[in-house]
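Residue numbers (the working numbering): 231 to 644.
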């Protein structure tokens, strides 16, 4: 029986084929309207009735990607203007892709198309924004938001992070070396930027699993680390309990807003992203009050580009909805403004976004290699797709330059 011979089909099957053909016509109309201007790369789209559509230049430069639509409900989500429809459709297996990272690269290369799409769906964006505001970083809200991501379990993160258990960008990562080597280089650089000597005291805001604290106290510094994650606290305390070091390390479950005393230096590695825009002024005010006169703070921050900041801060993206609730990336210009407002001195800054792309590639490879063991911890395929989308999405952002990462050395006068 050919596809055009419907005589022997049951009424239900015939109705289903009619539905698929109708939805495919709608798909083609929608996609033609959006993708006819695709100029970089080539995109094949396979519709639910197996019809293939071609967009872009198959013989030109850029990624070549195939997307297969598996569920017609994705069409209605897209038509409703849901700004997260593509991401949520991937989580729900409404579509699949030959190479997710290449798809993001293709979308980034054709920015004009994405901009025209994101202008639609005002009500959807407004609803997402209200939901994001419900994740405000109050004292209780911050604990809840941090637990959402970091309390997935030490067993989960230890499966795919490097030996240092570092969940932030490596520094000057070379192709031939391990991620661990580049992470230790990063810790060396951060410690150097603190301008501290042995026996001096460092406060680490957002100590993670204790990687920097271990590195710094091995070099003779006394480190006090704070975190809002019960899982991280337990791991960090256990990590250094029996380790002999020149300096000392202590950890506690505490919000940065509740810290006391003064320190020779403060280190905060990729923590400011979880602070929330409404708390940035208070965060830098707290840095100033916790530093001794002449003391130095070193912040590693993921940054949105200065050009994108105004638009980005008014919307809610996939990361804020599914990965880091309550999070918001600052821009380099905004960080400099906050530092100046507190009458602190921005001594130096350096950017290494290309290293974050390489770090994410390593993480994604490690995550998939470790998936059989991760699955044994009780995580399902939806969780796997969410992390795949998250890691590939970030890779493309760093590669294109929409997001960056930087080290900022800040000094308190005195």
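All C-beta atoms, glycine included, are put in the ideal place defined by N, C-alpha and C.
Could you check how far apart the C-beta atoms of residue 501 and residue 439 are, in whole angstroms? I think they sit under 8 Å.
Between residue 439 and residue 501 the Cβ distance is about 13 Å, and since that is not below 8 Å, they are no contact.
I need the straight-line Cα distance from residue 318 to residue 599, nearest angstrom please.
Looking at the two C-alpha atoms, the distance is approximately 24 Å.
Starting from residue 317 and walking both ways along the alpha helix (DSSP H), at which residues does that stretch end?
Element bounds for residue 317: 315-321.
So within the region 452-534, which uninterrupted alpha helix (DSSP H) runs reach at least 4 residues, ignoring any that extend past its ends?
As far as the region 452-534 is concerned, its whole alpha helix (DSSP H) runs of at least 4 residues are 460-471, 510-520.
Taking contact to mean 3 or more Cβ pairs, one atom from each stretch, closer than 8 Å, check whether the region 267-277 and the region 327-347 are in contact.
With contact defined as three or more Cβ pairs closer than 8 Å, the region 267-277 and the region 327-347 are in contact.
I need the DSSP call for residue 404, collapsed to helix, strand or coil.
In the structure shown, residue 404 sits in coil (DSSP, three-state: anything other than H, G, I, E or B).
Would residue 428 be called buried (16 or more neighbouring beta carbons within 10 Å of its own) or exposed?
Exposed: under 16 other Cβ atoms inside 10 Å.
Pick helix, strand or coil for residue 635, following the three-state DSSP scheme.
In the structure shown, residue 635 falls within a strand segment according to DSSP collapsed to helix, strand and coil.
When the Cα atoms are used, what is the spatial distance from residue 523 to residue 590?
Straight-line Cα distance between these residues: approximately 38 Å.
What are the partner residues of residue 578, as DSSP defines its beta bridges?
Answer by DSSP bridge pairing, in chain order: 639.
Taking C-alpha atoms, which residue in 584, 538, 506 lies nearest to residue 550?
Of the listed residues, the one whose Cα sits closest to residue 550 is 506.
Can you have a look at residue 472 and say buried or exposed, based on whether 16 or more other CB atoms are within 10 angstroms of its CB?
By the neighbour-count rule (16 or more Cβ atoms within 10 Å), residue 472 is not buried but exposed.
Could you tell me which uninterrupted beta strand (DSSP E) segments, each at least 3 residues in length, are contained entirely in the region 264-326, listed from first to last along the chain?
Scanning the region 264-326 for uninterrupted beta strand (DSSP E) segments of 3 residues or longer gives 272-276, 282-286, 294-299, listed from N- to C-terminal end.
Given residue 441, which residues of its chain have a CB within under 8 Å of its CB, disregarding the five upstream and five downstream residues?
Taken in chain order, the residues that qualify are 394, 395, 396, 413, 417.
Alpha-carbon spacing of residue 535 relative to residue 425, whole angstroms
Rounded to the nearest angstrom, the two C-alpha atoms are 29 Å apart.
In chain order, what residues of the same chain lie with their CB nearer than 8 Å to the CB of residue 664, ignoring the 5 residues before and after it?
Beyond the ends of the chain as shown, which are 231 and 644, falls residue 664; an answer cannot be given.
Look at residue 569 and residue 527 and say whether their C-beta atoms are less than 7 Å apart.
Going by C-beta atoms, residue 569 is not nearer than 7 Å to residue 527.
Cutoff 8 Å; reference residue 356; Cβ partners in own chain excluding five residues on either side
Bear in mind that the predicted position of residue 356 carries a pLDDT of just 37, short of 50, making it too unreliable to give a figure here.
Just to confirm before moving on: does the CB-CB distance between residue 450 and residue 494 stay below 7 Å?
The answer is no: Cβ separation not under 7 Å.
C-alpha gap between residue 625 and residue 390, whole angstroms:
Looking at the backbone, the Cα of residue 625 and that of residue 390 are separated by about 17 Å.
Length of the line joining the Cα atoms of residue 365 and residue 288
Bear in mind that the predicted position of residue 365 carries a pLDDT of just 45, short of 50, making it too unreliable to give a figure here.
Other residues of its chain near residue 595: CB distance less than 6 Å, five sequence neighbours each side excluded
Same-chain partners within the cutoff: there are none.
Using 8 Å as the threshold, is the region 571-590 in touch with the region 397-407, meaning 3 or more CB pairs across them?
Cβ pair count under 8 Å is three or more, so yes.
Under the assumption that residue 470 contacts residue 434 (Cβ atoms under 8 Å), give the Cβ distance between them as a whole number of angstroms.
12 Å between Cβ atoms; not a contact.
Integer-rounded CB distance, given that residue 316 should sit under 8 Å from residue 256:
Residue 316 and residue 256 do not touch by the CB rule: their CB atoms are close to 17 Å apart, not below 8 Å.
Residue 373, DSSP secondary structure in three states
Low local confidence applies: a pLDDT of 48 at residue 373 is under 50, so the model's placement there is unreliable, and no value is given.
So, is residue 616 buried or exposed, given that buried needs 16 or more other C-beta atoms within 10 angstroms?
Classified as buried, residue 616 has 16 or more neighbouring CB atoms from the shown chains inside 10 Å of its CB.
Simplified DSSP assignment, three categories, for residue 433
Residue 433: strand per DSSP, three-state reduction.
What is the rounded straight-line gap between the Cα of residue 628 and the Cα of residue 335?
Put simply, the backbone Cα of residue 628 is about 11 Å away from that of residue 335.
Out of 408, 579, 314, 285, point me to the one whose CA is closest to residue 634's CA.
Considering only alpha carbons, the answer is 579.
Distance, Cα to Cα, residue 623 vs residue 477?
Cα to Cα, the separation comes out at about 39 Å.
On the CB-based measure, 16 or more other CB atoms within 10 Å of its CB, does residue 504 come out buried or exposed?
With 16 or more neighbouring CB atoms inside 10 Å of its own CB, residue 504 falls in the buried class.
Taking the C-alpha atoms as reference points, what is the distance between residue 259 and residue 597?
Looking at the two C-alpha atoms, the distance is approximately 38 Å.
Is residue 529 near residue 498, with beta carbons less than 7 Å apart?
The criterion of a C-beta distance shorter than 7 Å is satisfied by residue 529 and residue 498.
If we ignore side chains and look at the alpha-carbon of each, how far apart do residue 222 and residue 282 end up?
Since the first residue of the chain shown is 231 and the last is 644, residue 222 is not available in this structure.
Return the residue from the list 557, 312, 327 that minimises the CA-CA distance to residue 508.
The shortest C-alpha separation from residue 508 is found at 557.
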